[in-house]
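*Asks:* Residue numbers (UniProt numbering): 1 to 250. All C-beta atoms in this analysis are idealised placements derived from N, C-alpha and C, irrespective of residue type, glycine included.
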Ligand SMILES: C[S@@+](CC[C@H](N)C(=O)[O-])C[C@H]1O[C@@H](n2cnc3c(N)ncnc32)[C@H](O)[C@@H]1O
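#1: Check whether the Cβ atoms of residue 183 and residue 212 lie closer than 9 Å to each other.
#2: Are the Cβ atoms of residue 102 and residue 118 separated by less than 9 Å?
#3: Between which residues of its own chain and residue 10 is the CB-CB distance below 6 Å, once the five residues before and five after are set aside?
#4: Which residue's Cα is closest to the Cα of residue 207: 139, 171, 107?
#5: Nearest to residue 92 by alpha carbon, out of 105, 122, 64?
#6: Going by alpha carbons, who is nearest to residue 45 out of 61, 179, 55?
#7: Please look up how many angstroms separate the CB atoms of residue 235 and residue 226, rounded, as I've assumed it's under 8 Å.
#8: At which residues does the alpha helix (DSSP H) containing residue 123 begin and terminate?
#9: Report whether the distance from the Cβ of residue 169 to the nearest heavy atom of ligand 1 is below 8 Å.
#10: In its own chain, which residues sit with a C-beta less than 7 Å from the C-beta of residue 147, not counting the 5 before and 5 after it?
#11: Quick one: what's got a C-beta closer than 7 Å to residue 135's C-beta in the same chain, skipping five residues either side?
#12: Specify the secondary structure class of residue 55 as computed by DSSP and reduced to three states.
#13: Using a Cβ-Cβ cut-off of 8 Å (strictly less than) and excluding sequence neighbours within five positions of residue 283, which residues of its own chain qualify?
#14: Following a CB-centred definition, is residue 74 positioned closer than 8 Å to any heavy atom of ligand 1?
#15: Under the three-state reduction of DSSP, which class applies to residue 149: helix, strand or coil?
#16: Measure the alpha-carbon distance for residue 81 versus residue 132 and round it to whole angstroms.
#17: Please name the residue or residues paired with residue 113 in a DSSP beta bridge.
#18: Smallest Cα separation from residue 222: which of 85, 56, 246?
#19: For residue 193, which residues from the same chain have a beta carbon less than 6 Å from its beta carbon, with the 5 sequence-adjacent residues on both sides left out?
#20: Based on the DSSP output, what are the partners of residue 232 in its beta bridges?
#21: Determine the direct distance from the alpha carbon of residue 137 to that of residue 129, and round the result to whole angstroms.
#22: What is the DSSP secondary structure of residue 104, reduced to helix, strand or coil?
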């Protein structure tokens, strides 16, 4: 399942600015990124329970609940005290800051010289941490530690699942078989699944996307791609939308 190859395409020159980010980070994309990158409307979020996997340190779940919806975030980074998540977040923010600084064309700097979206990410992370702490204190069940490709939910527990910046983003960590198992698992628990982006962090499109989509179509899944805009990276222009056919009436 886990691979260690350094690059998805060894023939591509790998300069510092064109190399992928490396180890999987815990990121804190703000809810407005989610709405744009997954092309989500308010009715999409209120149709039924929403699963966010991986949730990372995003405040998307908080946003859905503030609208009156239900959302559960799943990530292997959960299940530890908030201070530990905070520590990891700080370390990963350092990596993001250094990584974005070497790519100013993609991540324009703000007046302080750091990537201009960083304050939005920091604010989302703080909202997440406050809510995560509340979840630990009050056992709200909004954050569950688990990892793809096995989710602790019954079939069709969710109307919608969002999965951002894990699948396709880290092809050097996860092979095709993992991607297929993960998407089938998301489709087992949710009627509709949206995945973003369709490329890795060096902007290389996921090379096995067609094969993956063909296999899912053969499963009976309705597959299409959505043209989207990402506030964080304008080069992440597409998302995958997967819809399971409704079960036949008995
Ligand atoms: C780049 S973050 C994305 C978080 C969030 N979706 C966002 O866009 O900010 C990737 C997350 O994937 C989580 N992760 C790593 N392996 C995973 C797995 N097998 N299943 C689910 N999540 C995983 C990491 O803990 C990390 O929080």
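*Replies:* This is what the structure holds:
#1: Inclusion of residue 183 and residue 212 in the CB contact set at 9 Å is warranted, their separation being smaller than that value.
#2: Between residue 102 and residue 118, the C-beta gap is not smaller than 9 Å, which leaves the two residues out of contact.
#3: Reliability fails at residue 10, whose pLDDT of 30 lies under 50, so the model's placement of it is uncertain and no value is given.
#4: Taking only the C-alpha atoms, the option nearest residue 207 is 171.
#5: Nearest of 105, 122, 64 to residue 92, Cα basis: 122.
#6: Closest option to residue 45, judged by alpha-carbon separation, among 61, 179, 55: 61.
#7: About 16 Å; that fails the 8 Å criterion.
#8: Unbroken alpha helix (DSSP H) run through residue 123: 118-138.
#9: Yes, since a heavy atom of ligand 1 falls inside the 8 Å radius drawn around the Cβ of residue 169.
#10: When the five nearest sequence neighbours on each side are left out, the beta carbons in the same chain lying within less than 7 Å of the beta carbon of residue 147 are those of 76, in order along the chain.
#11: Exclusion of the five residues before and after residue 135 leaves 142, 143 as the residues of its chain whose Cβ lies within less than 7 Å of its Cβ.
#12: The answer is coil: DSSP assigns residue 55 none of H, G, I, E or B.
#13: Any question about residue 283 goes unanswered here, given that the chain covers just 1 to 250.
#14: With a cutoff of 8 Å, residue 74 counts as near ligand 1, since its C-beta is closer than that to a heavy atom of the ligand.
#15: Residue state, collapsed to three classes: coil.
#16: Residue 81 and residue 132 have their C-alpha atoms spaced approximately 9 Å apart.
#17: Residue 113 pairs with nothing; no bridge assigned.
#18: That would be 246, whose Cα lies nearest to the Cα of residue 222.
#19: In its chain, beyond the 5 residues on either side, 161, 186, 187, 242 have a beta carbon closer than 6 Å to the beta carbon of residue 193.
#20: Answer is none; residue 232 lacks a bridge partner.
#21: Going by the C-alpha atoms only, they are around 12 Å apart.
#22: Correct three-state label for residue 104: coil.
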